[in-house]
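Working notes, beginning with the structure itself.
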Amino acid sequence: MKSTVTLIGIVLVVCSICGISPVCGAEVNALKAGVAKVDITPQKPVRMAGYASRKDLSEGVHDPLSARVVAFEKDGRRLVLIATDLIGFYEGTAERFRQAILAEFDLGPGELFLSAIHTHAGPSPTLDSHKGHPNNVAYTERLQAKLIEAVGAALADAGPVRIGLGAGSSPVGCNRRAVQLRGNGETVISLGRNPYGPTDKEVLVMKVANAEGQLRAVLFDYATHATCLGPKNYQISGDVLGLAEQFVEKNMGAGVVAPAFAGASGDIDPWFRVRPAFETESGWVPEPVLLGTFLGEEVVQICRRTDTPGQGGPIRSSLAVLELPAKPANGVLGGSQERTQPFVVTAARMGDIAFVGLGGEVLTEIGLAIKAASPCKHTFVITHCNGTAGYLAPKDLHVEGGYEVRTSPFAPQAADLVAREAVKMLHDL
């Protein structure tokens, strides 16, 4: 006992001479995180994204758009997760913005997950002054600076944190590949509501609290399109996922940031889809508000029952650009001319927590397969992340056809290659 006391005394004396705390080593190796949120609501009318039939400029703002950042750091490795209330980073903006952020903060390619919630009620980002509206071009140019500002603020805000993971379920998302019977007896797949089709109901939540137990961030992942509003709507909104973010932040306290990530939902729409407007007559609750609140309440309930027991494990990440088999130019499979199409996969691990970023509009069956084969207990599948390669459908659905298959640039075998590579990357990490 005497020797133990003597040893403790020596440690305290050495620490005092060096001017350091005896727990400084633990703090150095601790998981750190910082958060930031920046407003990205258009200040002028803009062309809206998601529906080719919508030609006019936006006519007001129903709810603000934001970019939310959570930046983790441990043992010199970083993981920066960005969720933006946008449809995605199309027309080359994904790579331009990524390179600007990577260079500004000396991040490795796999350390950045730049994602969008895929709202169809937001602006259409573009830097093409020939095709894009001037207001959209100006908006997009300012957006890059705002994202850099937000990442810088999150990294500067970093402090020791503890994290916890919880999972729940929500019926907000519904398979949209509806089977219709034609007069001639043939069946076709159309966009609608298919309550019996596959969906990923999981609501995955990460709770981040500082060393004093104060809640800093609530990250959540859910598989649905943000298409509660349709082409007749001209009000800016985050739609289902954006409204869920706002609900969580209002209910979890001032300063809490709640970034949402769109899971594999290429064939999943909200239960109420493509509504014409925020209808409020006769006490009607607008469908985007109803479903966004429903999802947000599930996130809050999960958060309330989830502790923050640990600091996770070491941070590891990687990024791969896959050259996937593409549909032939003449539309005939099995031809001699093989074509490929790039697809970005980003993978990261923080102990037993996995993040898979998919640079396209990935159907839910693929996300479910990745989760099932993941070596980690919890896996965030994040689509519209670090790229915008278009629809990616599983092989068996190419037989059925439908909108997602028809518009996909990829050959039937491409989906299996993505799922296998994503799981392999997690194992390698």
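The sequence shown begins at 1138 in the working numbering and counts up one residue at a time. Glycine included, each C-beta is placed from N, C-alpha and C at the ideal position.
Per DSSP, F1415 has no beta-bridge partner at all. By the CB criterion at 8 Å, G1322 and S1455 fall outside the cutoff.
Within the model, the alpha-carbon separation for A1397 versus A1466 is close to 37 Å. Comparing C-alpha distances from V1288 to each of A1170, K1344, N1312 and F1492 shows the shortest one belongs to A1170. The alpha-carbon of T1361 is positioned some 15 Å away from that of V1436. A1360 carries a coil assignment under DSSP once its states are collapsed to helix, strand and coil. Here L1459 is not near V1377, since their CB atoms are 8 Å or more apart.
When rounded, the separation of the alpha-carbon atoms in A1253 and T1525 is 10 Å. The three-state reading of DSSP puts G1303 in strand, counting E and B together. Taking C-beta atoms under 8 Å as the contact rule, H1515 and A1399 fail to qualify, at a distance of about 17 Å. Contact annotation: the segment 1404-1412 does not touch the segment 1380-1396, with fewer than three C-beta pairs closer than 8 Å.
In terms of Cα proximity to L1223, the closest of F1209, G1350, L1284 and L1249 is L1284. Using a Cβ-Cβ distance cut-off of 8 Å, the segment 1363-1379 and the segment 1193-1203 are in contact, since at least three pairs of beta carbons, one from each stretch, lie closer than that value. Cβ-Cβ separation between R1453 and A1485: approximately 7 Å, consistent with a contact (criterion under 8 Å). Taking the Cα of A1304 as reference, the smallest distance to any Cα among S1261, V1481, E1541 and R1442 is reached at R1442. Judged by beta-carbon spacing, V1385 lies within the 8 Å limit of V1355, meaning their Cβ atoms are closer than that value.
The beta-carbon distance between V1198 and A1208, rounded to whole angstroms, is 28 Å. This is too long to meet the 8 Å contact definition. Residue pairing by DSSP puts P1407 in a beta bridge opposite G1310.
In this structure the segment 1255-1275 touches the segment 1178-1189; the number of beta carbon pairs closer than 8 Å is three or more. Cβ-Cβ distances below 6 Å link Q1372 to G1197 and H1199 in the same chain, with the five nearest sequence neighbours on each side left out; the list follows chain order. Nearest neighbour of D1294 by Cα position, chosen from R1353, Q1281 and G1320, turns out to be R1353.
In this structure, DSSP gives C1440 a helical state, which the three-state scheme calls helix. The Cβ atoms of L1251 and A1231 lie closer than 8 Å to each other.
Within its own chain, the residues whose Cβ lies closer than 7 Å to the Cβ of G1449, once the five positions on either side in sequence are excluded, are L1168, I1300, M1487, G1488 and I1490, listed in chain order. Listed in chain order, the non-local C-beta contacts of Y1528 below 6 Å within the same chain comprise G1403, E1498, E1541, T1544 and S1545, local neighbours out to five positions each way being set aside.
Between V1555 and F1492, the C-beta gap is not smaller than 8 Å, which leaves the two residues out of contact. Every unbroken stretch of the alpha helix (DSSP H) spanning 4 or more residues and falling wholly within the segment 1258-1339 is given here in chain order: 1271-1293. Closest in alpha carbon position to V1422, among C1365, R1233 and L1566, is C1365. Counting along the chain, no beta strand (DSSP E) covers D1212, and no H or E run does either. Per the C-alpha coordinates, the member of N1370, G1494, G1420 and L1341 positioned closest to S1190 is N1370. Taking the CA atoms as reference points, R1330 sits about 30 Å from A1559. Counting the other Cβ atoms within 10 Å of the Cβ of K1174 gives 16 or more, which makes it buried. Counted as a single uninterrupted DSSP element, the beta strand (DSSP E) harbouring D1176 occupies residues K1169 to D1176.
Here the C-alpha atom of L1566 lies approximately 10 Å from the C-alpha atom of P1512.
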